[in-house]
Amino acid sequence: MALCYRSSTSVQSQIAPLGSERLLMLLPPALLLMQCRPPAARAQGGLSRYIKKRRLEPLENYVPAVVAAREQLVACGSQLDSKPAELRKQLRNGAFLGVRENIRAVGEWAAAGRPGDDQRQASQLVAAVFSTLQGFDQELDQAAREGRAVALAAGERLAEATAALDALLATVPEPLLERAQHVAAAVAAPAAPVDAPAEGGNSGAGKLERLVPLAST
């Protein structure tokens with residue numbers, strides 16, 4: 001061990017006088033390229049070897065949840081006179097649970113096998129859904145913080161979010177979209193007393209999980 005230590009220090013003492021420019025000339029080109037990459041790019045490249053991109057499930061597994069979220073969003077429009085905090089809760093429960101993943105998946109299906117321009121358009125549709133939903137939520141949050149009723153701007157943001165969801169759903173084949181709408185309608189239908197959810201539960205999300213297989217029949 002002592003010999004190794006002396007050998008290491010002797011090498012360091014020989015390298016030190018070289019200067020940074022001469023030392024760079026001695027480094028292998030591959031190592032130079034690695035060091036020139038930004039730290040974030042180096043980290044991403046290293047992690048990509050261990051992270052596998054998930055495989056998309058059939059499109060019909062994602063569409064009913066997005067349709068149900070759209071219907072729940074539309075229902076908020078008839079409740080704009082409610083407390084803003086209550087409306088914000090609706091954006092985080094029921095059909096909106098896990099809807100972000102479903103929205104992204106619908107966008108990925110819209111881009112699958114398409115040329116570059118169509119892929120960018122699908123990505124823009126997904127981004128528009130998220131940004132408009134965030135805009136609506138921010139309007140509600142501001143009203144809740146100020147202790148006032150929901151302003152007209154919140155209704156405009158809601159209309160924008162609904163239109164963005166409609167644009168994304170327009171990429172879904174019509175027969176599949178119709179089946180998804182039937183599933184969403186079944187979720188929204190009043191449940192029998194035996195199916196009443198436990199306190200604090202999300203009946204819409206639970207019913208949707210049970211009914212989604214109908215979309216592929």
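Note that the sequence shown covers residues 1 to 217 in UniProt numbering. By construction, the Cβ of each residue, glycine as well, lies at the ideal position given by its N, Cα and C atoms.
Residue range of the unbroken alpha helix (DSSP H) whose run includes residue i
i    : result
E57  : Unbroken run through E57: none, as it is neither H nor E.
T171 : T171 -> no alpha helix (DSSP H), and no H or E assigned at all.
D137 : G116 to E146
A149 : No alpha helix (DSSP H) holds A149; DSSP gives it neither H nor E.
A95  : Careful: A95 lies outside any alpha helix (DSSP H) and carries neither H nor E.
Alpha carbon of residue i to alpha carbon of residue j, nearest angstrom
i           : j    : result
L158        : V67  : 15 Å
residue 256 : G155 : Any answer about residue 256 is impossible in this case: the structure gives the chain only from 1 up to 217.
K89         : V172 : 28 Å
E60         : T132 : 24 Å
residue 302 : A149 : Here the chain covers residues 1 to 217 and nothing more, so residue 302 does not appear.
V183        : L140 : 29 Å
L73         : L91  : 8 Å
P115        : S123 : 13 Å
A110        : A186 : 26 Å
F96         : A127 : 16 Å
G135        : V63  : 23 Å
V129        : L168 : 8 Å
N102        : L56  : 10 Å
G113        : E146 : 48 Å
A82         : G98  : Residue identity differs from the one stated: residue 82 is Ser in this sequence, not Ala. So the alpha carbons of these two residues sit roughly 24 Å apart.
D117        : L125 : 12 Å
G77         : L87  : 10 Å
A170        : R104 : 14 Å
E108        : P84  : 33 Å
Nearest-angstrom beta carbon gap, residue j and residue i [assumed within contact, 8 Å]
i    : j    : result
A151 : A144 : With 8 Å as the limit, A151 and A144 do not qualify as a contact, their Cβ atoms being about 12 Å apart.
E71  : A188 : 6 Å
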